[in-house]
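The next block holds one structure in the form of structure tokens; read it before the comments.
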Amino acid sequence: MTLAVAEAPAAAGRTGPPSDPMLPRPWRVCRSVRETDDTFTLELIPEPGQPVQPFAAGQFNMLYLPGIGEVPISISGDPTYPHTLVHTTRAVGAVTKKMAAIRRGDAIGVRGPFGTAWPVEDSEGNDVVFVAGGIGLAPLRPALIQVLSRRERYGRVVLLYGARTPDDILFRKQLREWRADFDLEIQVTVDRATHDWRGNVGVVTALISRVPFEPGHTVAMICGPEVMIRYTVMELERRGVTPDRAYVSLERNMKCAVGFCGHCQLGPLFICKDGPIFPYEKVAVLLSQREV
Amino acid sequence: METLEPLLAEHPFVRGMSPSQIETVAGCASNVRFQTGQYLFKDGEEANQFYIIRKGRIAIEAASPTHDPILIHTYGDGEILGWSWLVPPYRWRFSGKALELTRVLMIDGKCLRGKCEKDHDLGYELLKRFADILAGRLDSARLQLIDMYASASKGRRR
Ligand SMILES: Cc1cc2nc3c(=O)[nH]c(=O)nc-3n(C[C@H](O)[C@H](O)[C@H](O)COP(=O)(O)OP(=O)(O)OC[C@H]3O[C@@H](n4cnc5c(N)ncnc54)[C@H](O)[C@@H]3O)c2cc1C
Chain S
232 MTLAVAEAPA AAGRTGPPSD PMLPRPWRVC RSVRETDDTF TLELIPEPGQ
282 PVQPFAAGQF NMLYLPGIGE VPISISGDPT YPHTLVHTTR AVGAVTKKMA
332 AIRRGDAIGV RGPFGTAWPV EDSEGNDVVF VAGGIGLAPL RPALIQVLSR
382 RERYGRVVLL YGARTPDDIL FRKQLREWRA DFDLEIQVTV DRATHDWRGN
432 VGVVTALISR VPFEPGHTVA MICGPEVMIR YTVMELERRG VTPDRAYVSL
482 ERNMKCAVGF CGHCQLGPLF ICKDGPIFPY EKVAVLLSQR EV
Chain U
5 METLEPLLAE HPFVRGMSPS QIETVAGCAS NVRFQTGQYL FKDGEEANQF
55 YIIRKGRIAI EAASPTHDPI LIHTYGDGEI LGWSWLVPPY RWRFSGKALE
105 LTRVLMIDGK CLRGKCEKDH DLGYELLKRF ADILAGRLDS ARLQLIDMYA
155 SASKGRRR
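Respectively, the protein sequence lines represent chains S and U.
Using the working numbering, you'd call the opening residue of the first sequence number 232 and step up by one each time.
Using the working numbering, you'd call the opening residue of the second sequence number 5 and step up by one each time.
Listed below in structure tokens is the structure:
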């Protein structure tokens, strides 16, 4: 059976969650992939009769394991196929470690999608530089998929990706395919090499000076640890890309995801509803502050 | 003899230098190729050059008495490699090895040091550029130290 493909929402806008945003809806795991030692991807399909919400690249869902807890996880799949939700998660604590153990056929609750999107359509006509660090490649993947699906609308497209070690590199197969099939410059680097590693070594920011793009006509989309985001923006500035051309994805502990509880507040902003994708300039001064 | 000035003039490193300054730097330059696995320089040796990588990849390694050399960083197309020629005692701190066939412009730093002593404007232009390179290297080294992708739960942060 072929499911109707829901129309992808306007990229820069926000897509509303279903009528009761606090109510998790039942989905089921149709595929579970171990990406690395501590990171896994779940593909989810809705239980019969459940509505399928369109989502935009950069948005996230609250994933709920009954009796254990709920966590915000970005959608890492293709926005043109919202009937299969893809989430790539790193197991770091109570909920995500339990989530790592769920298998095909298991049930999971989903609330969402929530939050703002990467400026995929607004970047048309520009060079686009994606900079990802660690698990940060997952929230950027929908934007990359979208840009590559309309490749002719963009100038140069570059993906710079840094991982901790070669074993931590995500989506290896897809990176190889993208490199072969698209006009996309991909540079991958690791902070710590193993002896069999033949690729780049060094932090991801060091790659910025190596790739060609037109600074005045470049949009940068950055996702990774906040310290990496700050250094990336500085390095881009050295190359002539002004910070108003940089967009970043931020994370804070989150509970309600709809701007009620204040858990994810960052200064005057709520990550859940004002973010997680922000123009860098809006959050620059808040970035070095500790969580409240 | 073929001059390397046009080749050098294209590189962002010399952007903003006067034509005569570029000519001076080009006068100390030579075109060199390194085969895969060949060392450009070794830890402790006298450092009398720096390199502008035209095409290829160079690994910087730290020697270890008990292990294979530790790969610290790789440099690629367009990057500048080597600042030890500028700072006494003018010795390489690490070793540099070609990871693939690599073409570089090799600049004779000893020759350039002499010229900078006589022409402080040239010296200042070069120092500004190397200060920028060194600041970038320091940022990278500090970020590598932070181990930013390690997770908090097992001593490794996201
Ligand atoms: C909008 C948004 C999108 C996100 N997208 C993704 C994603 O696509 N993939 C993914 O793996 N994670 C993502 N996260 C982070 C994820 O939500 C957390 O890792 C998760 O909530 C941790 O819950 P836990 O119960 O497993 O760990 P906890 O038991 O709550 O925490 C375990 C340890 O991890 C640390 N920790 C918890 N959350 C974070 C965090 N966000 N960053 C760094 N350290 C943290 C804690 O300090 C603690 O030391 C996202 C977060 C937000 C806010």
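Just so it is clear, CB atoms sit at the ideal spot from N, CA and C, and this is done for glycine as well.
Keep in mind that this is a model prediction, so the values were computed, not measured.
- Just so you know, the alpha carbons of Glu416(S) and Ala374(S) end up roughly 15 Å apart.
- Inclusion of Ile502(S) in the 7 Å shell around ligand 1 follows from its C-beta lying nearer than that to a non-hydrogen atom of the ligand.
- In the three-state DSSP reduction, Arg441(S) falls in the helix class (H, G or I).
- Just so you know, the alpha carbons of Asn357(S) and Val378(S) end up roughly 11 Å apart.
- Secondary structure note for Met465(S): its alpha helix (DSSP H) is the uninterrupted segment Glu457 to Arg469.
- No Cβ of chain S is located within less than 8 Å of the beta carbon of Met21(U).
- Just so you know, the alpha carbons of Glu104(U) and Ala63(U) end up roughly 10 Å apart.
- Between ligand 1 and Phe271(S), a heavy atom-to-CB distance of less than 7 Å is absent.
- Cβ proximity to chain U below 8 Å picks out Arg321, Val323 and Gly324 from the region 304 to 337 of chain S.
- In the DSSP annotation of this structure, the continuous segment of the alpha helix (DSSP H) that includes Thr28(U) starts and ends at Pro23 to Gly31.
- In terms of beta-carbon proximity, Tyr392(S) stays away from the interface with chain U, with every pair separated by 8 Å or more.
- Relative to ligand 1, the nearest heavy atom lies less than 7 Å away from the CB of Gly300(S).
- Interface criterion not met: the Cβ of Val389(S) is under 8 Å from no Cβ in chain U.
- Within the region 70 to 97 of chain U, the runs of beta strand (DSSP E) that reach at least 3 residues and sit entirely inside it are, in chain order, 74 to 79.
- Beta-bridge partners of His318(S) (DSSP): Leu273(S) and Ile306(S).
- Ranked by how close their Cα comes to the Cα of Gly86(U), the residues Val29(U), Leu75(U), Ile56(U) and Pro92(U) have Ile56(U) in first place.
- At least one heavy atom of ligand 1 lies closer than 7 Å to the C-beta of Lys328(S).
- The region 334 to 364 of chain S is shown to contain whole beta strand (DSSP E) runs of 3 or more residues at 338 to 345 and 358 to 364, in chain order.
- Below the 8 Å Cβ cutoff, chain S contributes Ser440 and Arg441 as neighbours of Gly82(U), in chain order.
- Counting the other Cβ atoms within 10 Å of the Cβ of Phe38(U) gives 16 or more, which makes it buried.
- Beta-bridge partners assigned by DSSP to Met452(S): Phe361(S) and Tyr478(S).
- Chain-ordered, the chain U residues with CB closer than 8 Å to the CB of Thr436(S) read Asp143, Ser144 and Leu147.
- Residues of the region 351 to 381 of chain S with a Cβ closer than 7 Å to any Cβ of chain U, in chain order: Gly364, Gly365 and Ile366.
- Contact check for Glu466(S) against Thr436(S) passes: the beta carbons are separated by less than 8 Å.
- Within 7 Å of the CB of Asp72(U), the CB atoms of chain S belong to His426, in sequence order along the chain.
- Leaving aside the five residues that flank Gly433(S) on each side, the residues in its chain whose CB is nearer than 7 Å to its CB run, in chain order, Thr420.
- For Ala325(S), the enclosing alpha helix (DSSP H) has its first and last residue at Ala325 to Ala331.
- Following the DSSP letters along the chain, one finds Trp258(S) inside the beta strand (DSSP E) bounded by residues Arg256 to Arg265.
- Within the chosen limit of 7 Å, ligand 1 reaches the beta carbon of Glu482(S) through at least one heavy atom.
- In terms of beta-carbon proximity, His77(U) lines the interface with chain S, with at least one pair separated by less than 8 Å.
- Listed along the chain, the chain U residues whose CB falls inside 8 Å of the CB of Asp399(S) are Tyr153.
- The Cβ of Arg410(S) sits no closer than 8 Å to any Cβ of chain U.
- For Met485(S), same chain residues with a beta-carbon under 7 Å away, outside a window of 5 residues either side, are Pro303, His494, Cys495, Ile502 and Cys503 in chain order.
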